[in-house]
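Heads up: the structure comes next, in structure tokens.
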Amino acid sequence: MAQTTNVPIVEGYIQPSSLKGKLKAALQELDFSVGEEYILTTSLRSKLKFTLQAFSNMRFLDINPEVIRLPSFPGQNVLGDRGENLSSVLLDICQNAQKKETLLEWIRELTPMDAKDFEFPTDFTGKTLLTLVEEKGQKISAYSASDGTLRFLAMIAALLGSESAQFYFFEELDNGIHPTRLHLLLQLIESQASQGKIQIIATTHSSQLLRLVSDRTLEAVSLIYRLENRSDAKIIRVLDIPDAPRILNEQSLAHLHESAWLENVMEFISDDEVDE
Numbered sequence: 002m003a004q005t006t007n008v009p010i011v012e013g014y015i016q017p018s019s020l021k022g023k024l025k026a027a028l029q030e031l032d033f034s035v036g037e038e039y040i041l042t043t044s045l046r047s048k049l050k051f052t053l054q055a056f057s058n059m060r061f062l063d064i065n066p067e068v069i070r071l072p073s074f075p076g077q078n079v080l081g082d083r084g085e086n087l088s089s090v091l092l093d094i095c096q097n098a099q100k101k102e103t104l105l106e107w108i109r110e111l112t113p114m115d116a117k118d119f120e121f122p123t124d125f126t127g128k129t130l131l132t133l134v135e136e137k138g139q140k141i142s143a144y145s146a147s148d149g150t151l152r153f154l155a156m157i158a159a160l161l162g163s164e165s166a167q168f169y170f171f172e173e174l175d176n177g178i179h180p181t182r183l184h185l186l187l188q189l190i191e192s193q194a195s196q197g198k199i200q201i202i203a204t205t206h207s208s209q210l211l212r213l214v215s216d217r218t219l220e221a222v223s224l225i226y227r228l229e230n231r232s233d234a235k236i237i238r239v240l241d242i243p244d245a246p247r248i249l250n251e252q253s254l255a256h257l258h259e260s261a262w263l264e265n266v267m268e269f270i271s272d273d274e275v276d277e
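Be aware that the sequence shown starts at 2, since it is given in my numbering, and climbs by one per residue.
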């Protein structure tokens, strides 16, 4: 029988329990030991794993109402980037009575319909499609619901779903949402973000939406701008723009946006930097 030595292999590296002769001398000449190399490698490995997990938990949603209207198989509990699987994600949310009631409350606040329940009928293929049930019994399927209602449902599904990501990016947040309901949408996002489990970034060109931003959210608002004759875009926190805090005590962020002050001030700052 061949004799074996105790040389366990961990994470692809050999950690010998006893080394003699030339092998031991060679290891002693190295700047670090095998154990130290293993520690460095596993440390790097853990950082890479953390980074990959962070990227996998980022979702960039470009919600498309036509995609939302497509039926989906129950059990598909991750909302697609364009709103795929909305019906099955909402079905999963409704299994939790508290989340279902929260969902209904937001729908009643944000839409003109007096929704009292959800139904999820299945077709002959086994796929399900969301149906909204109003107080008087009228049923509205996803095929007939408005684009704004579906977009908002998708946002709720993303934030309340059982398999929510840790980072969400919404482009043109106000798109398809009735102007009189924008403050409720902001309330939803701010309430979810304040819990510390989800980070949310949203873009907008809407002065109406900027007019509704709370003081707390204003601290995190940034301006994305592109200077004349430059190919790259830049980003700066609004409150870091010179003199912006003082001016915002006198005028609203929406007014600064509408008057093009935000654009002009960045051009002036750029000119001053060139002169210096």
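Heads up, the beta-carbon is just placed ideally off N, CA and C, and yes, glycines get one too. A quick note: this is a predicted structure, and the numbers were derived from the prediction, not measured.
Membership of Val79 in any beta strand (DSSP E) is not indicated, and neither H nor E is assigned to it by DSSP. Excluding the 5 residues flanking it on each side, Ile236 has same chain C-beta neighbours closer than 6 Å at Ser223, Ile225, in chain order. The secondary-structure analysis by DSSP pairs Arg60 across a beta bridge with Tyr169. One Cα belongs to Arg238, the other to Glu220, and the distance between them is close to 8 Å.
Listed as beta-bridge partners of Ile270 by DSSP are no residues whatsoever.
Counting along the chain, Gln99 sits inside the alpha helix (DSSP H) bounded by residues 98-111. Thr52 sits in a helix when the DSSP states are folded into three classes. The beta carbon of Leu210 sits closer than 6 Å to those of Asp175, Leu183, all from its chain and outside the five residues before and after it, given in chain order. Counting along the chain, the unbroken beta strand (DSSP E) around Gln200 starts and ends at 200-203. Here the alpha carbon of Thr205 sits roughly 38 Å from the alpha carbon of Arg46. With a threshold of 16 other beta carbon atoms within 10 Å, Arg247 falls short and is exposed.
In the assembly as shown, Asp93 is a buried residue. Its beta-carbon has 16 or more other beta-carbons within 10 Å.
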